[in-house]
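Residue numbers (our numbering), protein chains in the order written: chain A, 1 to 113; chain B, 114 to 227. Here a beta-carbon is modelled for each residue, glycine too, at the ideal position from N, C-alpha and C. Predicted model only: the values in this text are computed from it and were never measured. As structure tokens, the structure follows; a few thoughts come after it.
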């Protein structure tokens, strides 16, 4: 069975500081990995995805994530936080041939002015 | 591309009434998913369809919930009778096959049962 664990349900960073949101996965086969963002009163929007090509994946809004097989991790980073990054972020995993995504419990990111 | 379209955006209903939520997936996507989101339980997968056929409905909470996908461009989620504990945001998402494409989510329906 596949699963993801997001460490930290709430993360606060100062504007301009590094954003690091943690995600560890469990999968019996090479996974597909995703980060989604949810702004208040909106649906989830795809930030970026890893599908077994380059291990460093760049997404929208300056975010990127690195797939590390040895650590079973797919952490999301952004060098400099902006106020507009305040949202909830979800990590998700899927396996090839199985369209079902398994989501983590989410991390709420707060940006301190 | 208009994305995944859900209606209504907001629904307020009285306990015991029937509620129908609607979803139009992205054209060409062959998988459709219904999720429920609450503060207490987070995102829960209720049911998903592949090529209009229900594949996994293990997340449907009880018999009061039912979902249909009569064709590739339309799906409904029905709650009958509704209860206050059904209050949540219900999301529909669609995807192409193989899992590597991820989902496209609709904007959700906020259901309040009073």
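- Taking the beta carbon of residue 216(B) as reference, the chain A residues within 7 Å of it are 101, listed in sequence order.
- When only Cα atoms are considered, residue 119(B) and residue 106(A) end up about 23 Å apart.
- The continuous stretches of beta strand (DSSP E) do not include residue 143(B), and DSSP gives it neither H nor E.
- Cβ atoms of residue 67(A) and residue 50(A) come within 8 Å of each other, at about 5 Å.
- With fewer than 16 other CB atoms across the displayed protein chains lying within 10 angstroms of its CB, residue 131(B) is exposed.
- With at least 16 other beta carbons inside 10 angstroms of its own, residue 104(A) counts as buried.
- Per DSSP, residue 155(B) is one residue of the beta strand (DSSP E) stretching across 155-163.
- Of all residues in the segment 33-60 of chain A, the ones placed with a Cβ closer than 9 Å to any Cβ belonging to chain B are 34, 36, 38, 41, 42, 43, 44, 45, 46, 49, 51 and 52, in chain order.
- Shown here, residue 122(B) sits in coil according to DSSP, grouped into three states, outside any helix or strand.
- Between residue 28(A) and residue 3(A), the CB-CB gap reaches or exceeds 7 Å.
- Shown here for residue 13(A): same chain residues with a beta carbon closer than 6 Å to its own, the five before and five after excluded, namely 19 and 81 in chain order.
- With a beta-carbon spacing of about 18 Å, residue 195(B) and residue 153(B) fall beyond the 8 Å limit used to define contacts.
- For residue 219(B), the C-beta contacts it makes with chain A under 8 Å involve 43, in order along the chain.
- Looking at the backbone, the Cα of residue 102(A) and that of residue 209(B) are separated by about 16 Å.
- For the pair residue 159(B) and residue 112(A), the Cα-to-Cα distance works out to about 36 Å.
- Annotated three-state conformation of residue 167(B) is strand, per DSSP.
- The C-beta of residue 110(A) comes no closer than 7 Å to any C-beta of chain B.
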